[in-house]
Structures are given as structure tokens and as C-alpha cells.
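In this note's numbering, the protein residues as written are 19 to 301. We put the CB at the ideal spot given by N, CA and C, even for glycine. Keep in mind that this is a model prediction, so the values were computed, not measured.
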């Protein structure tokens, strides 16, 4: 693969997925896309680039994007965001949504489902405190392959051993041969959808809590700002956003403000919550 071909791949991936690859990531491209070449019977990465440029094969483009997407995740990953949900956010919204009894959550980079299922299990554990509540958990990802895995709710022994308390494994999973399947009751709590964060996601509606963890690190600064601005637009006035441990809105956007008491937790900036004059049909 020549420098020009690598640059063409970088441009393609940036335009279609937002993934911003630095020149030193060339080794990563070569290692991850070799399997795509094998699958599509292409002789080399140079051949793959030519096919993307000329054939406009949707299947090839999709496979290339998915091969370059990082889908590393596990149950209750990093623990802190789930402690925050259980100890801070859920009590807050149980009080503030007591009249409507409705809570909407969006996991914006759900991968193979461990994050939204972790939240679903916490909500199930708290169900005695929430009689009559309607809970929406929307989980989206750019990879249809991992979404299919997530919908099936099937995980191998290694996956259920990463972060999942044994008590919850026994309570909410059934062994299926050498795999474990999460219960249909928990699976039914999550609505998995294909979504590219580059696209308009306002149709998803308004959310009280948004988890967008460990995805913005792959975007450049202008795209980060754009995605965060659009996320803030679909957050409730008192909505909450949780980012990954290495992510921040500081220096990126002023639409969101860090919660000084809780690392990784953000709310809409006060000025963003103020009514906009002359807005027609503003909520």
C-alpha cells in the first residue's frame, strides 16, 4: 500500500465514520484490513483501496469501516460510571421524574451490549423502588456485526468474567453450552439500533442520561465539538452526560459543563438551558 493509498483510506474512514487516523497508525490499518482482503478475495490492500474508489461496494465499505472500529468493552467497564448511575443519577431522576415516571437513557456507542445491559441489570435491581415507571434504554452503534451479537445477548466465559459480579451472572444469565445468554427480561429492556454519530440523531428524541464513552477519542476536535453539541441538544434541561475516563469537553465545547463533584459527568451549560427568544415550537 502506497502513501497515496493510505491517505485515500484515511480520507474515506474520516468521511464515513469520523475515525481520524494519524500517519503512525498505518500498521493498524494493515493488520486489521488484511482479513477484509481475504474475505472479499482481494489480492492486497492496494486492491482494496481501488475497489473502494471505483466499485462503491456497500458491503466492502461497511466491512472496512467495521474492521477499523474498536469494539473493546466489558460489563460494568471502569465501574465509576455505573456507581454514579446507581448512587447519584438514579436517585436524582427518581425524585425529579416522580410525576412522569419515565426515564430515557441512550448508550451512544454500545458495541456488543455490555454497557446497556449493565444499566438494565442495575435498573432491574432497583425495580422495587420504581413501580409503574417506564424505562427506555436506546443502545446504538455503527457496527451491525456487534449489534447482532448484542441483540442475541450471548457471551463467552471470558466476557462474563470481565467485570460482571458472580451474583448477577447467576441471577440474570443462563448457560448455553460454552456460552452464557442474558435473560430475555433484560434483553427486552434495551432497544438496539444502528447509528452513525456523523448522521443526524435528533430523531431519537430527548434523553435524561447519555453514555457516550470511549468513542470521541477517535474523532478530531471539530467533530468532537459537533457531536457534543448535538448530544446536548437532545438532552433534557437537567440531563446528564457521561464520557470516558480520558475524554473531556474542556476546550472542545461550552454547551456542556463538568460536574465538579463527579469525574466524567457533565450537564448542559446554564446558558444552553435558557429559553431562546423568537424560537418557534421550542420545547
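Does the distance from the C-beta atom of residue i to that of residue j stay below 8 angstroms?
i	j	result
residue 274	residue 250	yes
residue 364	residue 124	Any answer about residue 364 is impossible in this case: the structure gives the chain only from 19 up to 301.
residue 26	residue 32	no
residue 55	residue 46	no
residue 167	residue 130	yes
residue 252	residue 223	yes
residue 266	residue 247	no
residue 158	residue 78	no
residue 268	residue 245	no
residue 204	residue 113	no
residue 87	residue 52	no
residue 126	residue 230	yes
residue 85	residue 44	no
Pull up the distance between the alpha-carbon of residue i and that of residue j, whole angstroms please.
i	j	result
residue 294	residue 211	Confidence is the limiting factor: at residue 294 the pLDDT is only 42, short of 50, which leaves the residue's position unreliable, though a coordinate-based value still follows. Cα to Cα, residue 294 sits roughly 32 angstroms from residue 211.
residue 190	residue 99	21 angstroms
residue 217	residue 165	18 angstroms
residue 152	residue 119	6 angstroms
residue 65	residue 236	26 angstroms
residue 278	residue 139	28 angstroms
residue 111	residue 206	22 angstroms
residue 232	residue 75	29 angstroms
residue 28	residue 242	17 angstroms
residue 82	residue 23	14 angstroms
residue 238	residue 149	43 angstroms
residue 134	residue 128	7 angstroms
residue 101	residue 186	15 angstroms
residue 97	residue 69	43 angstroms
residue 280	residue 264	14 angstroms
residue 121	residue 227	8 angstroms
residue 179	residue 221	36 angstroms
residue 240	residue 195	47 angstroms
residue 162	residue 177	19 angstroms
residue 147	residue 30	49 angstroms
residue 285	residue 21	43 angstroms
residue 287	residue 175	43 angstroms
residue 67	residue 105	49 angstroms
residue 136	residue 254	22 angstroms
residue 170	residue 202	9 angstroms
residue 115	residue 89	33 angstroms
residue 184	residue 108	23 angstroms
residue 296	residue 256	Residue placement at residue 296 cannot be trusted, given a pLDDT of 33 that sits under 50; the coordinates are not used to answer.
residue 188	residue 42	44 angstroms
residue 234	residue 262	9 angstroms
Based on the DSSP secondary-structure assignment, which residues constitute the bridge partners of residue i?
i	result
residue 258	227, 285
residue 159	212
residue 232	Answer is none; residue 232 lacks a bridge partner.
residue 173	198
residue 274	286
residue 9	With the chain represented from 19 up to 301, any question about residue 9 goes unanswered, as that position is not in the structure.
Between residue i and residue j, which are expected to be in contact by the criterion C-beta below 8 angstroms, what is the C-beta distance as a whole number of angstroms?
i	j	result
residue 132	residue 72	Rounded, the Cβ-Cβ distance is 39 angstroms, inconsistent with contact.
residue 155	residue 209	7 angstroms
residue 94	residue 182	7 angstroms
residue 197	residue 172	5 angstroms
residue 260	residue 283	6 angstroms
residue 19	residue 48	7 angstroms
Quiz item: Residue ranges of each alpha helix (DSSP H) run of no fewer than 4 residues wholly in the segment 47–97, ordered along the chain?
Solution: Listed in chain order, they are 63–72, 76–86.
Quiz item: Which ranges does the beta strand (DSSP E) cover as unbroken runs of at least 3 residues, wholly within the segment 182–219, from first to last along the chain?
Solution: Within the segment 182–219, the complete beta strand (DSSP E) segments at least 3 residues long are 191–194, 197–200, 208–212, listed from N- to C-terminus.
Quiz item: Where in the segment 102–168 do unbroken runs of the beta strand (DSSP E), each at least 3 residues long, occur, reported from the N-terminal end onward?
Solution: You should have 120–125, 152–159.
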